[in-house]
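Quick note on numbering: full-length UniProt numbering labels position 3 of the sequence shown as 3, and the sequence is numbered without any gaps. The C-beta atom is built at its ideal place from N, Cα and C for all residues, glycine as well. This report concerns only the one structure given below.
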Amino acid sequence: MDRVDDILAQWNRERPDLDVAPMGLIGRLNRVSQHLGREMEKTFAAHGLNYASFDVLATLRRSGPPHALSPGDLSAAMMITSGTMTNRVDQLEKAGLVERRLNPDDRRSFIVSLTDKGFAIIDAAVTDHVATQTRIVEKLAPEERAVLSALLSKFLVGFESE
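Spelled out as structure tokens, the structure:
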């Protein structure tokens, strides 16, 4: 039993006319998300990062050489507004992790690229991030992870295809 079971029992007692099973599913997803977030933030903090800065650096790193994107491509890949992206890039630039350079394909715009320092930090951080994720999911057997991943993918597609 988990803490959500206690909440469901209370609702079943107080409102037996309601089917609160969806509340259980969503409550568990929310609680798991909170636990995951705390674990990830610990890993990011060990590298002087937070979720937002990790997200920018990881997006640039996984984009492949030259590890540079236009601000528009970066914000689209991260699904955030241009204002939010500007703030994140400003902070990372001050820390020496990214730099803005003129776009060689369009001298009227610029691209955001990883610095050598940013590349080294994100490579170390993503290595630890994957280790953290591996440790967390080991609570489930490999077959359980595959089933859960498939079910969550189906659930997510229902939202993202609307």
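(request) To the nearest angstrom, report how far apart Asp105 and Ser113 are at their CA atoms. (result) 15 Å
(request) Flag this pair as touching only if the stretch 49 to 62 and the stretch 12 to 24 have three or more C-beta atom pairs under 8 Å; answer yes or no. (result) Verdict: no, contact absent.
(request) Work out the CA separation of Ser63 and Arg100 for me, nearest whole Å. (result) 16 Å
(request) Quick one: grab the DSSP three-state call for Ser109. (result) strand
(request) Grab the span of the beta strand (DSSP E) containing Val98 for me, first residue to last. (result) Per DSSP, Val98 belongs to the beta strand (DSSP E) from 98 to 103.
(message) Going by C-alpha to C-alpha distance, which of Tyr51, Ala9, Asn87, Leu97 sits closest to Ala67?
(response) At residue 67 the sequence reads His, which differs from the Ala that was named. Ranked by Cα distance from His67, the first of Tyr51, Ala9, Asn87, Leu97 is Leu97.
(message) Would Ser70 and Asn103 be called neighbours here (beta carbons separated by less than 8 Å)?
(response) yes
(request) Report the rounded CA-to-CA distance for Gly27 versus Asp6, giving the unit in angstroms. (result) Cα-Cα distance, rounded: 11 Å.
(request) Within the same chain, show all residues whose beta-carbon is closer than 6 Å to that of Arg88, passing over the 5 residues directly before and after it, in chain order. (result) Within the same chain, Cβ atoms closer than 6 Å to the Cβ of Arg88 are found at Ala52, Val56, the five residues on either side in sequence being excluded.
(request) State the start and end residues of the unbroken alpha helix (DSSP H) segment that holds Ala125. (result) Ala125 -> alpha helix (DSSP H) spans 116 to 137.
(request) Give the straight-line distance between the Cα atoms of Ile136 and Asp123, rounded to the nearest whole angstrom. (result) 20 Å
(request) Measure the Cβ-Cβ separation of Ala95 and His47 and say whether it is below 8 Å. (result) no
(message) Determine whether the beta carbon atoms of Thr132 and Met40 lie at a separation below 8 Å.
(response) Contact: yes.
(request) Locate the alpha helix (DSSP H) running through His35, then write down its first and last residues. (result) 21 to 45
(request) Give the DSSP-derived three-state secondary structure of Leu69 in the structure shown. (result) Strand at Leu69.
(request) Answer with buried or exposed for Gly118, where buried requires no fewer than 16 other C-beta atoms within 10 angstroms of its C-beta. (result) buried
(message) Among His129, Gly72, Glu143, Glu144, whose alpha-carbon lies nearest the alpha-carbon of Ser109?
(response) Gly72
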